[in-house]
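Q: To start, I am sharing the structure in question, which I have written as structure tokens.
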Amino acid sequence: MTFNSEYGKTNRLLGPNEAADFWYQWFPSGKDVYVGEGDISEETIYDIRQKIMGLLRISKKPFIFKNLYNSMRILPIRKAFPESLFIVCYRNTVDIAQSILQCREKIFGSKSLWWSVPPREYDKIKNKPSLQQVVEQVYYIYKQIEKDLSGGDAEYVFNLDYSDLCNKPTQTMKDIKHWVEKQNIRLEEQFDLPNTFQIVSGRKISEDDYKKLEHYTESLAGKIG
Numbered sequence: 047m048t049f050n051s052e053y054g055k056t057n058r059l060l061g062p063n064e065a066a067d068f069w070y071q072w073f074p075s076g077k078d079v080y081v082g083e084g085d086i087s088e089e090t091i092y093d094i095r096q097k098i099m100g101l102l103r104i105s106k107k108p109f110i111f112k113n114l115y116n117s118m119r120i121l122p123i124r125k126a127f128p129e130s131l132f133i134v135c136y137r138n139t140v141d142i143a144q145s146i147l148q149c150r151e152k153i154f155g156s157k158s159l160w161w162s163v164p165p166r167e168y169d170k171i172k173n174k175p176s177l178q179q180v181v182e183q184v185y186y187i188y189k190q191i192e193k194d195l196s197g198g199d200a201e202y203v204f205n206l207d208y209s210d211l212c213n214k215p216t217q218t219m220k221d222i223k224h225w226v227e228k229q230n231i232r233l234e235e236q237f238d239l240p241n242t243f244q245i246v247s248g249r250k251i252s253e254d255d256y257k258k259l260e261h262y263t264e265s266l267a268g269k270i271g
């Protein structure tokens, strides 16, 4: 088992996959991707449940989906699967914003072109300076996640710290296993984990841009997570 990826892309055919096309059969793409509980039909909710239950029956194992766009689909997913569990990974806002900027420049050759999940507030932030924009992108995504999860049972949500996952992956997985098994889902260890994963943190861009990211993040201090 390898644990390497580049902006979510893995090398192996059967490696981890965000399964974007699987979800796009029900949910919109583009810049207006938020879906509330009442925004799709009962027939669609039923179809989501039936198809994912089919995967469960075939595999005879629980499924875990890691798809960031699903942060904008929490309510309909929860309606389709009231028993679903959610893991929310918290990471330093500046580090996330910096990573988004780096990806914009690598993929598009410009830090002003949009990349990754657009929050509901996309129209509000799309014309802001790129450095402010990426910080607010992160902020509004986390804000939406927390809002949409707040209406359900807190026991169905696991808040995961990125640094804990990197610094002590084995213990973190044990904690997640214990939490999952409290919901009567049995898990078995299949792979050995490294002692640590490298934490991607600290300045990787120009000092001026990094300070601006810190400034915009500080202006939102106390509002995230």
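According to the working numbering, the stretch in the sequence shown is residues 47 to 271, in order. Glycine is no exception: its CB is placed at the ideal position from the N, C-alpha and C atoms. The structure displayed is predicted, hence computed values, not measured ones.
#1: Are the CB atoms of F279 and C212 nearer to each other than 8 Å?
#2: DSSP three-state call for E52: helix, strand or coil?
#3: At the level of alpha carbons, what is the spacing between E227 and V246?
#4: Could you tell me the distance, in whole angstroms, from the CA atom of R58 to the CA atom of E52?
#5: Thinking C-beta only, is I86 closer than 8 Å to P128?
#6: Just how far apart, CA to CA, sit Q183 and L101?
#7: Do L195 and K258 have their beta-carbon atoms positioned less than 8 Å apart in this structure?
#8: Which whole runs of the alpha helix (DSSP H) in the stretch 89–141 are 4 residues long or more, in chain order?
#9: Are V140 and Y115 touching if we call contact CB-CB under 8 Å?
#10: I need the straight-line Cα distance from F73 to S265, nearest angstrom please.
#11: To the nearest angstrom, how far is the alpha carbon of I91 from that of R249?
#12: Have a look at W225 and F49 and give me their C-alpha separation to the nearest angstrom.
#13: Only counting runs of 4 or more residues, tell me where the alpha helix (DSSP H) segments fall wholly within the stretch 229–265, in order along the chain.
#14: Just tell me which of S117, N63, S130 and M118 has its CA closest to the CA of N230.
#15: Going by alpha carbons, who is nearest to V134 out of G155, I94 and Q190?
#16: Taking DSSP's pairing of strands, which residues face F68 in a bridge?
#17: Please work out which residues of its chain come closer than 7 Å, Cβ to Cβ, to R137, disregarding the five sequence neighbours upstream and downstream, and give them in chain order.
#18: Measure the C-alpha to C-alpha separation of G155 and F204 and round it to an integer number of angstroms.
#19: Let's test the definition: count the other Cβ atoms within 10 Å of the Cβ of R103 and tell me whether it reaches 16, buried, or not, exposed.
A: According to the data block:
#1: There is no way to answer for residue 279, as the model of the chain reaches only from 47 to 271.
#2: In the sequence shown, residue 52 corresponds to position 6, counting from 1. Of the three classes helix, strand and coil, the one that applies to E52 here is strand, per DSSP.
#3: Here residue 227 is taken as the residue at index 181 of the sequence shown, counted from 1. Here residue 246 is taken as the residue at index 200 of the sequence shown, counted from 1. Taking the straight line from one Cα to the other gives about 30 Å.
#4: Stepping through the sequence shown from its first residue, residue 58 is reached at position 12. Stepping through the sequence shown from its first residue, residue 52 is reached at position 6. Each residue's alpha carbon lies about 12 Å from the other.
#5: As a first step, residue 128 is located in the sequence shown; it is residue number 82 there, counting from the start. As a first step, residue 86 is located in the sequence shown; it is residue number 40 there, counting from the start. Against a cut-off of 8 Å, the Cβ pair of I86 and P128 comes out as no contact.
#6: Here the question's residue 183 lines up with position 137 in the sequence shown. Here the question's residue 101 lines up with position 55 in the sequence shown. For Q183 and L101, the distance between alpha carbons rounds to 33 Å.
#7: Counting from 1 along the sequence shown, the entry for residue 258 is found at position 212. Counting from 1 along the sequence shown, the entry for residue 195 is found at position 149. Taking 8 Å as the Cβ cut-off, K258 and L195 do not qualify as a contacting pair.
#8: 120–126
#9: Position 94 of the sequence shown, counted from the first residue, corresponds to residue 140. Position 69 of the sequence shown, counted from the first residue, corresponds to residue 115. No, Cβ-Cβ distance for V140 and Y115 is not below 8 Å.
#10: Taking the sequence shown and counting its residues from 1, the one referred to as residue 73 is at position 27. Taking the sequence shown and counting its residues from 1, the one referred to as residue 265 is at position 219. The alpha-carbon atoms of F73 and S265 are separated by roughly 33 Å.
#11: Residue numbering aside, residue 91 sits at position 45 when the sequence shown is read from its first letter. Residue numbering aside, residue 249 sits at position 203 when the sequence shown is read from its first letter. One C-alpha to the other measures close to 43 Å.
#12: Here the question's residue 225 lines up with position 179 in the sequence shown. Here the question's residue 49 lines up with position 3 in the sequence shown. Whole-angstrom Cα-Cα distance: 23 Å.
#13: 253–265, all fully within the stretch 229–265.
#14: The count along the sequence shown starts at 1 and reaches residue 230 at position 184. The option with the nearest alpha carbon to N230 is S130.
#15: Reading the sequence shown from its first residue, position 88 is the one you call residue 134. Of the listed residues, the one whose Cα sits closest to V134 is Q190.
#16: Here residue 68 corresponds to residue number 22 of the sequence shown, with the count starting at 1. Answer by DSSP bridge pairing: none, since F68 is not bridged.
#17: Against the sequence shown, residue 137 aligns to sequence position 91. Same-chain partners within the cutoff: Y208.
#18: Taking the first residue of the sequence shown as position 1, residue 155 is located at position 109. Taking the first residue of the sequence shown as position 1, residue 204 is located at position 158. Each residue's alpha carbon lies about 36 Å from the other.
#19: For the purposes of this step, residue 103 is taken as residue 57 along the sequence shown, with counting starting at 1. With fewer than 16 Cβ atoms within 10 Å of its Cβ, R103 is classed as exposed.
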